[in-house]
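Protein chains in written order, with the numbering used here: chain Y, 1 to 340; chain B, 1001 to 1340.
If you want it as structure tokens, here you go:
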């Protein structure tokens, strides 16, 4: 029922990356020049987001112009300011008399402890937006959207339950599926406390054991400071807070679809798509993960919300695995391709 | 790190079932005679709940006296009224001068299309509460808490993506795990649109194929009215709404723990435990599922929220599979044990 589809079939959206590979941070921007309905569900305990209040179904804004996924923790929110400038210059935004206010929502992940202490700034956000618009101007005839150590996934890592040096490099991934006329793509930067498994249940990236193999996360947990804390050795709350190595993580993703969804329906789809996080990442949605999913819907194809949710959930599960499989070793950490 | 623990080690709680096996409905009541912190996360699209507003962290009530899981769709909310009466007679409740108001929260599942058209009423709720208190009076020396076609799981079924006659009987299950001094049990009535798989990924109950074997849910979906809708044949929204056979489903569960959690932390744990639903049930959290998780915490053991969440999520995943494995054929539907 679900078959692969080209990302370019979602003609209402364009996507651009920008990053600093040495600093280990970057951002990925999805632009909807004509605006699109958007919803969000934030389920991690430590999020960094902007403009999510206007996404609440009861609030006024019905069309969003860009979704920004960014590294740099809360500092990375700056990238969205550059995206706003780039869009406003082109007249893309919410018109209020002579003013044009682009509606730019976003979420950030924590990558401050890899590479150099840098974060996506206004210039980087602008560049990613311009890359997105240039890809659209090219009519989708360029190379497929890059995956791995790119964009918001540039500094992404996974498997931080144990010692930081036993984590692995992760990255940015995407997948695009079709069910009849309905197309849904998932884009994600995978930066989790937990471990990642493929659709068959095989752990492909996460905490490495002494032999360098990816551990089952429950085994990794048993060897972590959290286990000592749970056993009553020491201050539980402090040990747990310290156990995550990098103290924040966060997997951030966006679903793009041609489906006709209201804001409320896009919110519901975002909520259901977190099931893909649960299936592909373990543990996930902890207090150390700011896990967030946006859904961006252009409204071209009539569709049942549940069909879109199932399609998008499947795409997101594939995108997470794809992001991990496309990652390359960096910052002293191996990637999935190195430990297979 | 996580090891099995007896349910009786959670001494702050007592649990009772009541049901009508012929009518195919029932309820399960957890009583905390001294009150316990409680949180909830409702993630399905079609819930039936009561008193969930007072569980919001900003609201006043800090101690809840009972959680009621019930069949009967929204009619089953009546069972909680009988629980209130039984508790108030015993002075269990929130004292306001001479008044005693038991704080009873609850959620219902849809089982109206199996057995007879009946629902848990005040008498059944009272009976379940009295069974719970009697179990406590017995000092936990009785038989272990029953699983399968009992309590809220009496009329539960799974695998309703396809034709109603290809669904399977499900039931009530529980599992209890320990990590150091922290104990978390999960109790659940599994009544899903989707299919259920065990920890190894094997589908154990759901939609049956022509040979009577449990299908992968994506294959089941491809053969369902939703697929025709997605392919553009007919009115998508109406087809999707009608595709679920029984038009509502809902998996309802409660985590019981001795951990010290605030209402806000219990809310967060409830949210994370939905990851167990995602891992064990597919699809889940659809518009046809009112999926709900309560967390009921007695406050005896200091614990990091994430440890409790991981422990409870693991217990819930086991409880879901246990509920399905303990189910027995009824109402013309086979159970997991019949198709192995």
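We put the CB at the ideal spot given by N, CA and C, even for glycine. Given the structure is predicted, the values throughout are model-derived calculations rather than measurements.
Per-residue burial, residue i [other beta carbons within 10 Å of its own, 16 or more giving buried]
| i | result |
| --- | --- |
| residue 1059 of chain B | exposed |
| residue 4 of chain Y | exposed |
| residue 1025 of chain B | buried |
| residue 1011 of chain B | exposed |
| residue 167 of chain Y | buried |
| residue 236 of chain Y | At residue 236 of chain Y, the pLDDT of 45 sits below 50, so the modelled position is not reliable; the number obtained from the coordinates is stated separately. Residue 236 of chain Y is buried by the Cβ-count criterion. |
| residue 1156 of chain B | buried |
| residue 53 of chain Y | exposed |
| residue 1217 of chain B | buried |
| residue 213 of chain Y | exposed |
| residue 1289 of chain B | buried |
| residue 1333 of chain B | buried |
| residue 372 of chain Y | Outside the shown range of chain Y, which is 1 to 340, sits residue 372 of chain Y, and nothing can be said about it. |
| residue 123 of chain Y | exposed |
| residue 102 of chain Y | buried |
| residue 1051 of chain B | buried |
| residue 22 of chain Y | exposed |
| residue 1162 of chain B | buried |
| residue 1142 of chain B | exposed |
| residue 1098 of chain B | exposed |
| residue 1225 of chain B | buried |
| residue 193 of chain Y | buried |
CA nearest to the CA of residue i, picked from the options
| i | options | result |
| --- | --- | --- |
| residue 198 of chain Y | Y:288, Y:319, Y:10 and Y:148 | Y:319 |
| residue 1270 of chain B | B:1296, B:1079, B:1283 and B:1286 | B:1296 |
| residue 1335 of chain B | B:1082, B:1072 and B:1149 | B:1149 |
| residue 1184 of chain B | B:1256, B:1152, B:1155 and B:1139 | B:1256 |
| residue 1283 of chain B | B:1249, B:1029 and B:1298 | B:1249 |
| residue 1121 of chain B | B:1081, B:1089 and B:1143 | B:1081 |
| residue 41 of chain Y | Y:212, Y:106, Y:317 and Y:279 | Y:106 |
| residue 1189 of chain B | B:1277, B:1046, B:1310 and B:1210 | B:1277 |
| residue 254 of chain Y | Y:302, Y:144, Y:226 and Y:312 | Y:312 |
| residue 1087 of chain B | B:1062, B:1108, B:1035 and B:1307 | B:1035 |
| residue 2 of chain Y | B:1144, B:1219, B:1151 and B:1210 | B:1219 |
| residue 1329 of chain B | B:1305, B:1118, B:1084 and B:1158 | B:1158 |
| residue 1073 of chain B | B:1113, B:1202 and B:1208 | B:1113 |
| residue 1076 of chain B | B:1147, B:1154, B:1038 and B:1043 | B:1154 |
| residue 1049 of chain B | B:1062, B:1078, B:1061 and B:1172 | B:1078 |
| residue 1125 of chain B | B:1209, B:1266, B:1016 and B:1331 | B:1016 |
| residue 1039 of chain B | B:1315, B:1309 and B:1205 | B:1309 |
| residue 108 of chain Y | Y:293, Y:91 and Y:323 | Y:293 |
| residue 1170 of chain B | B:1211, B:1264, B:1182 and B:1206 | B:1206 |
| residue 1132 of chain B | B:1164, B:1067 and B:1287 | B:1067 |
| residue 1251 of chain B | B:1013, B:1018, B:1138 and B:1045 | B:1045 |
Beta-bridge partners of residue i, as assigned by DSSP
| i | result |
| --- | --- |
| residue 294 of chain Y | Y:40 and Y:254 |
| residue 282 of chain Y | Y:195 |
| residue 168 of chain Y | Y:158 |
| residue 101 of chain Y | Y:94 |
| residue 1085 of chain B | DSSP lists no partner for residue 1085 of chain B. |
| residue 1187 of chain B | B:1174 and B:1254 |
| residue 259 of chain Y | Y:301 |
| residue 49 of chain Y | Y:107 |
| residue 73 of chain Y | The partner list for residue 73 of chain Y (beta bridge, DSSP) is empty, contrary to what the question assumes. |
Per-residue DSSP class, three states only, for residue i
| i | result |
| --- | --- |
| residue 65 of chain Y | strand |
| residue 8 of chain Y | helix |
| residue 1178 of chain B | strand |
| residue 334 of chain Y | coil |
| residue 321 of chain Y | helix |
| residue 1275 of chain B | helix |
| residue 1270 of chain B | helix |
| residue 1200 of chain B | coil |
| residue 307 of chain Y | helix |
| residue 136 of chain Y | helix |
Amino acids of chain B, ordered along the chain, whose beta-carbon sits closer than 8 Å to that of residue i
| i | result |
| --- | --- |
| residue 271 of chain Y | 1043 and 1285 |
| residue 218 of chain Y | 1001, 1002 and 1314 |
Neighbouring residues, chain Y, relative to residue i (Cβ below 7 Å)
| i | result |
| --- | --- |
| residue 1227 of chain B | 1 |
| residue 1192 of chain B | What residue 1192 of chain B touches in chain Y: nothing, since even the nearest Cβ is about 12 Å away. |
| residue 1124 of chain B | Result: empty, since nearest Cβ-Cβ is about 32 Å, beyond 7 Å. |
is_contact[residue i, chain C] using C-beta, thresh 8 Å
| i | result |
| --- | --- |
| residue 1020 of chain B | No chain C is part of this structure, whose protein chains are labelled Y and B. |
Partners in chain Y for residue i, counting only beta-carbon separations shorter than 9 Å
| i | result |
| --- | --- |
| residue 1279 of chain B | 275, 278, 279 and 282 |
| residue 1023 of chain B | Those within 9 Å of residue 1023 of chain B in chain Y number zero; the least Cβ separation is about 29 Å. |
Residues that residue i contacts on chain Y, provided the C-beta gap is smaller than 8 Å
| i | result |
| --- | --- |
| residue 1201 of chain B | 200 and 201 |
| residue 1297 of chain B | None at all; the shortest Cβ gap to chain Y is about 14 Å. |
| residue 1268 of chain B | 45 and 287 |
Listed by chain order, chain B residues near residue i by CB distance under 7 Å
| i | result |
| --- | --- |
| residue 222 of chain Y | 1001 |
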